[in-house]
Each structure stands twice: as C-alpha cells, then as structure tokens.
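Just so you know, we're using my numbering here: the sequence shown kicks off at 34 and counts up by one. Every residue, glycine too, gets a C-beta built ideally from N, C-alpha and C. Fair warning: this is a prediction, and the values are worked out from it, not measured in the lab.
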Amino acid sequence: MADVEAIRLQVHQAQTVSYRMASDDGAVLHVKHLNLEANLPYVLGTDENYPVAMAYPVARGRFYTATEVEHSAPVVVLGAYVREAIFPHEDPIGKDITVNGTRYRVVGALYKKGEQFGYSPDNKILLPFPTFERQFPSVVRDNGIIIAILPRRAGDLQLVIDKTTEVLRHRRKVPFNKPNDFAINTPDQLIAQFKAITGGVTGAMVFIALISLIIGGVGVMNIMLVSVTERTREIGVRKAVGATRRDIVAQFLTEAVTLSSVGGVIGVALGLAAAATVRATVPSLPTNVPLWSPLVGLGVSMGVGIFFGLWPAVKASHLDPVEALRYE
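In structure tokens form, the structure reads like this:
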C-alpha cells in the first residue's frame, strides 16, 4: 500500500492510481441473497478509484467512497452477472447479501461487459480493500496486489512507466544491476501477446488447410483418372467425329472444376453457418466474414480442380482414337 501512495505522490503524470486483489483461483464463495445464490463468483478488494482506472462504470447506485474504504465499511458493489443471479426482479441497491456468511450492504452495480473468451469479468463482487483484508487475511498475506495506473494523456504512457519503475525500484531497494522484482504490463503488451497467440493458431489452421487441399486435390485427380478410364470409348468416338485435343482437355477440366467448386460452395456455406452460430450463441465474441473470404475460398477450390484435373485431362486428350474405340 505504501508503494501505491508513493506512486500517487511522485508520478504526477498519472491521472488515477488504483489497486486491487482478487480471491484465490478455485476458492468457492457463497454469495447469497435470501434463497438465491450466485454462480461461483470471485471477489475483488479494491479502492474508490477502480471504476475510473479500469474503465468500468457503475450502472446502478454508486461506488463506495474513500471514507468507506478507510473505515472498512461493510458495503459491496456487484458485477452484472451476480446482480442478475441474486436480484433477478428487483433493484439491489440498499439490500443485503452474504459472502460466506458475512453480511454486506449493496451500494452499486457495475455495467455489464459480457464474456471474453470464456471468462466473465461481470461474475464478481467488489469490497473495499480493508474490508476484503478483514474477511480474507490469508489472501492478502500470501498474494501481491495489482496496481492500475491511468496516465493523464496517452502520450505520457512511457513517461509514467519510467517514473513508476524508478519509484518502485527505489522503494524496494533493487540494486542498479538487478532486474525488477515486479512486473509492468501495458495494453499494447497484452494486445501483442494476444496477436502472437492468434497468429500461431492461424498458422496451424493454414497448415491444416493446405494438407486438406492436397488430400482433396489428389482425390479429385483419382476420380478424374477413373472417369477417363471408364469413358475411353466415349473419348474415341468424340475424337473420331472431329473433337480436338483442346476439346477433350476442356471437357475434363470443366468436370474437375465443377466437382471441386461444388465442394467449395459446401465448405463456404458451412463456414458461414459456423460464424453465424458463434455470433448467435456467444454475443461477446463477434464474428465477421468479409466479402473477399468466400470469394477466395471458391477461387482456391476452382484452382485445385484445375491443377489436379489437368493431368487426367491431358492424358485423355492424348488417347489414340482407334485404340480408344477398341477399348472394352
């Protein structure tokens, strides 16, 4: 807590400095109102600056005040999912809830942000930090806090990072030739980590897609080779009545492209359906299918038909009409 106060006093480019600590992962908390209970929420101990620092405004009521934080007031702010679970048909403001048997008065409820990749930031309750410390002393003793700093201007971000690092290294007496004993994360770093993860997933999907295209292309080629063999007499008749090699190649290439294009249309339809299903079932995970995507998919399908159907078509065009007419 002294680190937080030092940052507030010495880093003048910081608009807001807040701090928080969460209950242990996997800890079972019983948050109840009358006979209704929330679905495994977690609890945060924080200060009065949390809504501004985390861009998490209050939807109903208010947030607790600095005085309530200082005096360990038995007040609580609910996340949207908790409010919906235990106050489905009434205003929670001024009502009492219990957290593992301890009674708190509800003073506010946060706006709903929705699920994010299977994790819900709305399934929580927020207590003043000293109140949290009183009920969960082992968590405070064993775990560190997270300090959230909001710069006054976006251009001050690096300066805030540098000054905060200087303040914390000085307070913690970290030698100049030693690494930090704390971590600093910025939204840019989190976005870069997310992009690295999604980039790896995208690369794996592209690799799987290429393997699938090769397997599918070999299947098309085998089907066309069988078709050429079964229709040898037909090819002989066509060539006997004047069909050129170009005509034969065009015929079998058209069949190969049609075969692969039908598969492409089915694949695009399944992809659009999957995107619509995700959008309908997980509203917090929006899906967008740009126009070029299905067009590229269809183009690739046609390209596979042309590439893998070319050899059977050329083979058919080189058949000798006399031998072809004799073929049984």
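Using C-beta distances below 8 Å, list every residue in its chain close to residue i, excluding the 5 sequence neighbours before and after it, in chain order.
i      : result
Thr320 : Ala308, Ala309, Val311 and Arg312
Gln46  : Pro184, Arg185, Arg186, Asp189, Leu192, Val193 and Lys196
Val322 : Gly304, Leu305 and Ala308
Val115 : Val64, Ala71, Pro74, Asp155, Asn156, Lys157 and Ile158
Pro121 : Leu69
Ile40  : Ala47, Val50, Ile180, Ile182, Thr197, Val200 and Leu201
Which residues mark the beginning and the end of the alpha helix (DSSP H) in which residue i is found?
i      : result
Gly233 : Pro220 to Glu263
Val337 : Trp325 to Ser350
Arg278 : Arg278 to Thr314
Alpha carbons only, please: which of the options is nearest the one belonging to residue i?
i      : options                           : result
Val251 : Thr131, Val132, Phe341 and Val290 : Phe341
Asn68  : Gly236, Arg266 and Gly134         : Gly134
Gln284 : Trp344, Leu111 and Ile299         : Trp344
Leu331 : Leu62, Leu223 and Ala302          : Ala302
Thr98  : Val140, Thr287, Glu38 and Gln222  : Val140
Glu148 : Thr314, Phe169 and Val172         : Thr314
Val85  : Tyr144, Asp57 and Ile126          : Tyr144
Asp280 : Lys348, Val239, Gly232 and Thr262 : Lys348
Does the beta carbon of residue i come closer than 7 Å to any beta carbon on chain C?
i      : result
Ile230 : As a matter of chain content, chain C is missing from the structure shown, which is built from one protein chain.
Whole angstroms is fine: what's the gap from residue i's alpha carbon to residue j's?
i      : j      : result
Glu166 : Ile179 : 15 Å
Arg53  : Asn210 : 30 Å
Arg359 : Arg266 : 7 Å
Tyr137 : Gly94  : 15 Å
Tyr83  : Tyr89  : 7 Å
Leu223 : Thr235 : 18 Å
Thr219 : Ala225 : 10 Å
Glu356 : Gly269 : 8 Å
Ala92  : Tyr152 : 21 Å
Gln43  : Asp36  : 10 Å
Between which residues of its own chain and residue i is the CB-CB distance below 6 Å, once the five residues before and five after are set aside?
i      : result
Thr164 : Ser105
Arg278 : Ser350
Asp29  : Residue coverage of the chain in this structure runs from 34 to 361, which leaves residue 29 outside it and unanswerable.
Gln48  : Leu183 and Arg185
Looking only at its chain, what residues have a beta carbon closer than 7 Å to the beta carbon of residue i, apart from the 5 residues adjacent to it on each side?
i      : result
Thr79  : Ser51, Tyr52, Arg53, Leu159 and Phe162
Gly338 : Val253, Ala289, Val290, Leu292, Ser293 and Ser294
Asn176 : Met54
State yes or no: is the C-beta of residue i nearer than 6 Å to some heavy atom of the ligand FMN?
i      : result
Ala309 : Among the components of this structure there are no ligands whatsoever, and the ligand FMN is therefore not found.
By the DSSP assignment, the beta strand (DSSP E) with residue i in it spans what residues?
i     : result
Val76 : Tyr75 to Thr79
Notebook entry, point to check: Mind pulling the beta strand (DSSP E) runs of 3 or more residues that sit fully within the region 141-197?
Noted result: For the region 141-197, whole beta strand (DSSP E) runs of length 3 or above, ordered along the chain, are 157-161 and 179-184.
Margin query: For a minimum of 3 consecutive residues, which ranges assigned as the beta strand (DSSP E) are wholly contained in the region 88-150?
Written below: Runs of beta strand (DSSP E) with 3 or more residues, each lying fully within the region 88-150, are found at 91-94, 108-111, 129-132 and 135-143, listed in chain order.
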